[in-house]
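Have a look at the structure below before the remarks.
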Amino acid sequence: EVAVAVRRVTPLVEVAGMSSAFGAMGSNSTRTCLWRKAGNPSLSLWGYALRGGDFGCCDAARYDNLAIYPQLRRGVRALLICFASAETPNDAETFAAKVPYLAAYFGCVPKESAFESPNGALQGDGWNAFCRVFEREGYEAIVNQLIQSAASGGAAYARARLRVVPNTFQGVNHAYEVDTLWLLNEGRDEWSADLPADSKKLVDSYTQIDSFPHTANLQAKSKGKHRPELMSAYLSNLATWNVVKIEKEIRNLIESAKIE
């Protein structure tokens, strides 16, 4: 028996993970000085040679924006997947080009699409091979459900049982079925109808200038006119509204996932 005194508190970012590190995605981690000056994240890790060090890293970027791979590695049987997009889905092919990080899970990224970074570019076919963990047929079924539910003006969601396709790149080693519920941050019209007059006026302004909620807050054109933190608050409130709108579906997913 050995007693070990821990003199270093593990930073929360190492425990919870890092997300949307845009600065890190656009930097070269081998240029240590610039990496640190940019405030990019690092992890303290042990290397294969049993020597520790600080290594620059960030989230999976477009490869796993929705944090699906860790769940599939553990064999999770039910997934609630919440996400946002740059536009309302209209057809599966167009949506795959506009939101390739979603299509990649199904191997449906168009060939002409490419993800470029300072460390190189990944073309559509390579992207699909690297990321695919679901059968291709599932993508169109999910997008069609999103289109139909979004057309009503309310919450846009899709429910589907998907066959997991093993992917050695991502450490997903087993083929099995997973029950999925996909929730897209839509429903602006129905949600905003119940807002106070001043809030609705502000959201209408966001919609006119930045196509709210299809906007990235960092690139919002309305920042010069309105406080950007307000847009974040409204996006968050819309996301909460969406979850409440499909409460029954979420509860059903949880019930179905109970261990037999």
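Heads up: the sequence shown begins at 472 in the numbering used here, then just goes up one per residue.
Beta carbons: idealized from backbone N, C-alpha and C, even for Gly.
Residue span of the alpha helix (DSSP H) that contains residue i, given as start and end
i    : result
C553 : Note, C553: premise wrong, no alpha helix (DSSP H); beta strand (DSSP E) at 549–554.
V580 : From DSSP, V580 is part of no alpha helix (DSSP H); its letter is neither H nor E.
I618 : 608–622
Y576 : Neither: Y576 is in no alpha helix (DSSP H) and is coded neither H nor E.
N561 : Where N561 is concerned, there is no enclosing alpha helix (DSSP H), given that its DSSP letter is neither H nor E.
E720 : 718–727
D660 : 659–663
R544 : 540–544
Reference residue i, options the options, closest by Cα
i    : options                : result
L593 : Q616, Y572, G546       : Y572
A585 : F577, G595, E472, E608 : G595
R630 : L516, G597, E720, K672 : E720
A646 : D681, V604, A626       : V604
P684 : D660, E648, V643, E726 : D660
I725 : D675, I539, V649       : V649
W598 : T678, V715, L709, A567 : A567
C579 : G609, L666, N644, I552 : G609
I613 : D535, D525, E564, G524 : E564
Extent of the continuous beta strand (DSSP E) to which residue i belongs
i    : result
Y770 : Residue 770 is absent from the model: the chain starts at 472 and stops at 731.
F526 : 523–527
Residue i (DSSP reduced to helix, strand or coil)
i    : result
T651 : strand
F640 : helix
A592 : strand
S670 : helix
F605 : strand
A487 : Any reading at A487 must be qualified, since the residue scores a pLDDT of 47, below 50, and its modelled position is unreliable; no value is offered.
S682 : coil
L709 : helix
Three CB pairs or more closer than 8 Å across the stretch 648–664 and the stretch 549–558: yes
Do the stretch 533–553 and the stretch 631–642 touch if we need at least three Cβ pairs shorter than 8 Å? yes
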